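Residue numbers (our numbering): 98 to 850.
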């Protein structure tokens, strides 16, 4: 009951509707379009006065998807800017968004279909035709299906263009073995925990611009630059909001905080429980909201009664006085407080409980549907289009977590670790076909040796991507995809009410800013590729659309729009919005569904293992000019941040004989040593038991000539696997680092003091 009920509710929320309906249906082939739609609605200043302005860009240098225009000269994109019509990011784009030009023209981009005539992991590439590539892919995948069944295939997708192939393999072929990094290594835990508590996934729907207090648990605003979200955050600060940042590191957000809580990693839930217990015991919670909308409050109250300030202080290494100050600050300013739900939340394997606690704190303060609180704007409606659900019954019957009766609150798809374990052991069935689309699991998932072992035992490995990331070294057939600047495939909808004061909605569609065709490459879009594959595999009768353009128009038709109409409107349709305030959500302080599944019905602190003596816990995060490994070959962005400095406490560094700028390597608890080095950043702004680095560096593929060997790959050192029991998502901060000082030619294995 808990599994089906919660997953159904999750699928009904706006965030997933965008992912599974609008997004999965927004793919249309523009291979037959020789030129993109171009017009001149804006004046290009300065050296770009001789350019035309191509409208309809939707960025994918990260997944916030800002709306763009492109400056085009002689058919070549020379500059990207925010679309002035946008009520989301406006004319602003970040460094990564600007860097899209260098992705488009990166000489290392995949250009032609390739066959690996060498070994997986040490490939030797032979250029082949599209017919040869698709014939081999279809033959090999069909062989896997015929021998092992549709569930013998696993697909690892990521990004908007991956939705079309993902739903083909799920809905038509019938495999349940889909693992999206955005769910199982990022935000899936958050979404499922909020669904279990508030009956809705949160996205990042907090009204920070109108908040009196902004509460961030590990949020790295300024280092993770989602433009419109950062604008809301900064507007809130400009309007006088107090900022509370809970983080073991003095992050960019902590630098702006009124209160920095230098918490011990892994103890956040204890901290939250103590805040809520204090609010209840002192009567400083929103009694009216709780009485009207709370469920199981008495059980919740009793269940957290042990969480005193002193109890949490001992666990979290945060003074009881500071915990009380934070609680009192929230109470004094409630309900106009933004309790941010986070985004990347797969930390320690106890994450579902922490996210439930955040949702309960939001409800306890009555910070729902009010200015400054948790506010879900009502977005515009668009149409749907996508693959028909031909074989979903087979997929559901072979879902690994259903068969094992585990991870009852798993996000859509199958937990990554279950796919890997099944593929390697052959139990409960064989997985022998791998399809990768835009995801680099080598640098996404803990325990790289297990991922490689999974790939090596496959009968066939097919990978489609834009860049030669590390996963491409393991492909048997490698397919080159058009970039986000050369294709249709994304309908972006949204709302805006808190930046300008207007209540508005918008609809944008990704359109090519430059022609996708060229004499020097044979790249194709996902709709063309998958349709051709489907025909060869015997599924041609189920093809829903013939092109990305057709799919885009089909989706837009649900809003009485078309691509042609959007071009006339400068790439974005804006319409009146709906007042977002006043919504009421029920709050399951005690969740019977969670309890029935065998987990604590009240949010519970679950301790995580301590680092051994001489080791420190590694935490990682985002870089303001990079998105994971996706941007690590971008010459502009690598020029700004070519490696990831390792943050080390100044007192620890002094005892180790390290000074700022020294090169170091890292060794983990299993004796695994980083293959590359980076510089140390010596600072008092991090706890002694913690080291930090930005994620995404350490590329191993020599085909990435700009990024190869730059910085340290944090995932290569995360060999200890932990999964969140409720969701099956990975916990990735339970590995310890022994810092190794000295030059690479004379390494010293001194470790932490």
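Where is the CB? At the ideal position from N, CA and C, for every residue including glycine.
Fair warning: this is a prediction, and the values are worked out from it, not measured in the lab.
*Would you check if there are 3 or more beta carbon pairs closer than 8 Å linking the segment 497-515 to the segment 816-835?*
Touching, yes.
*Whose CA, out of 160, 799, 610 and 652, lies closest to the CA of residue 153?*
610
*With respect to the beta strand (DSSP E) encompassing residue 588, which residues constitute its N-terminal and C-terminal limits?*
Where residue 588 is concerned, the enclosing beta strand (DSSP E) stretches over 588-593.
*Compute the Euclidean distance between the alpha carbons of residue 230 and residue 223, then round it to the nearest angstrom.*
Taking the straight line joining both Cα atoms gives about 11 Å.
*With DSSP run on the structure shown, which of helix, strand or coil describes residue 141?*
Caution is warranted here: a pLDDT of 42 is assigned to residue 141, below 50, making its placement in the model unreliable, and no coordinate value can be reported.
*Other residues of its chain near residue 800: CB distance less than 7 Å, five sequence neighbours each side excluded*: 205 and 565
_Rounding to the nearest angstrom, what Cα-Cα distance links residue 559 and residue 819 in this structure?_
28 Å
_Taking contact to mean 3 or more Cβ pairs, one atom from each stretch, closer than 8 Å, check whether the segment 610-620 and the segment 441-456 are in contact._
no
*Does the Cβ of residue 616 have 16 or more other Cβ atoms within 10 Å, making it buried, or fewer, making it exposed?*
exposed
*Are the segment 451-463 and the segment 670-686 touching by the rule of at least three beta carbon pairs closer than 8 Å?*
yes
*asked:* Between the alpha carbons of residue 171 and residue 259, how many angstroms are there, rounded?
replied: 31 Å
*Thinking residue 729 and residue 796 are a contact (beta carbons under 8 Å), I'd like their distance in whole angstroms, please.*
Indeed they touch by this definition, with Cβ atoms about 5 Å apart.
*Do the segment 540-555 and the segment 173-190 meet, that is, are 3 or more Cβ pairs less than 8 Å apart?*
no
*What number of angstroms, rounded off, separates the C-alpha of residue 125 from the C-alpha of residue 164?*
Reliability of the predicted coordinates at residue 125 is poor, the pLDDT of 31 falling under 50, and no value is obtained from them.
*Spatial neighbours of residue 141 within its chain, please: CB distance less than 7 Å, with the 5 preceding and 5 following residues excluded, ordered by chain position.*
Bear in mind that the predicted position of residue 141 carries a pLDDT of just 42, short of 50, making it too unreliable to give a figure here.
*residue 335 to residue 159 span [Cα, whole Å]*: One alpha carbon belongs to residue 335, the other to residue 159, and they sit about 26 Å apart.
_Contact check, residue 456 vs residue 294, beta carbons under 8 Å_ = Taking 8 Å as the Cβ cut-off, residue 456 and residue 294 qualify as a contacting pair.
*Can you check the segment 495-564 for any beta strand (DSSP E) of at least 3 residues that lies completely inside it and give the ranges in chain order?*
530-534 and 557-562
*Is it buried or exposed for residue 273, if we count other Cβ within 10 angstroms and need 16 for buried?*
buried
*What are the boundary residues of the beta strand (DSSP E) that residue 603 is part of?*
Residue 603 -> beta strand (DSSP E) spans 601-606.
_Given 8 Å, three or more beta-carbon pairs between the segment 187-195 and the segment 690-710_ = no
*Would you list the residues sitting across from residue 488 in a DSSP beta bridge?*
The partner list for residue 488 (beta bridge, DSSP) is empty, contrary to what the question assumes.
*At what residue ranges does the segment 294-366 contain a whole run of the beta strand (DSSP E), taking only runs of 3 or more?*
Whole beta strand (DSSP E) segments, 3+ residues: 310-314, 339-343 and 356-358.
_Count Cβ pairs between the segment 254-268 and the segment 531-550 that sit closer than 8 Å; are there 3 or more?_
Judged by Cβ distances under 8 Å, the segment 254-268 makes contact with the segment 531-550, as three or more pairs qualify.
*Quick one: Cα of residue 640 to Cα of residue 629, how far?*
Straight-line Cα distance between these residues: approximately 10 Å.
_Just to confirm the assignment: which complete alpha helix (DSSP H) runs, minimum length 4, are found wholly within the segment 694-769?_
732-737 and 747-753
*Does the distance from the CB of residue 374 to the CB of residue 431 come in under 8 Å?*
Taking 8 Å as the Cβ cut-off, residue 374 and residue 431 do not qualify as a contacting pair.
_Alpha carbons only, please: which of 756, 713, 720 and 287 is nearest the one belonging to residue 763?_
Across the set 756, 713, 720 and 287, the C-alpha of 713 shows the shortest separation from the C-alpha of residue 763.
*Helix, strand or coil: which one does DSSP assign to residue 151?*
strand
*What three-state label does DSSP hand residue 420 in the structure shown?*
helix
_Alpha-carbon spacing of residue 585 relative to residue 667, whole angstroms_ = 16 Å
*Is DSSP giving residue 643 helix, strand or coil here?*
coil
*Identity of the residue in 542, 366, 625 and 554 nearest residue 577 by Cα*: Taking the Cα of residue 577 as reference, the smallest distance to any Cα among 542, 366, 625 and 554 is reached at 625.
*Rounded C-beta distance between residue 420 and residue 312? I'm assuming under 8 Å.*
In fact, because the Cβ distance is near 13 Å, the residues do not count as touching under 8 Å.
*Considering residue 211, what are the terminal residues of the alpha helix (DSSP H) in which it resides?*
Counting along the chain, residue 211 falls outside any alpha helix (DSSP H), though it belongs to the beta strand (DSSP E) covering 211-213.
_Cβ neighbours of residue 487 in the same chain (closer than 7 Å, five flanking residues each side left out)_ = 268, 269 and 639
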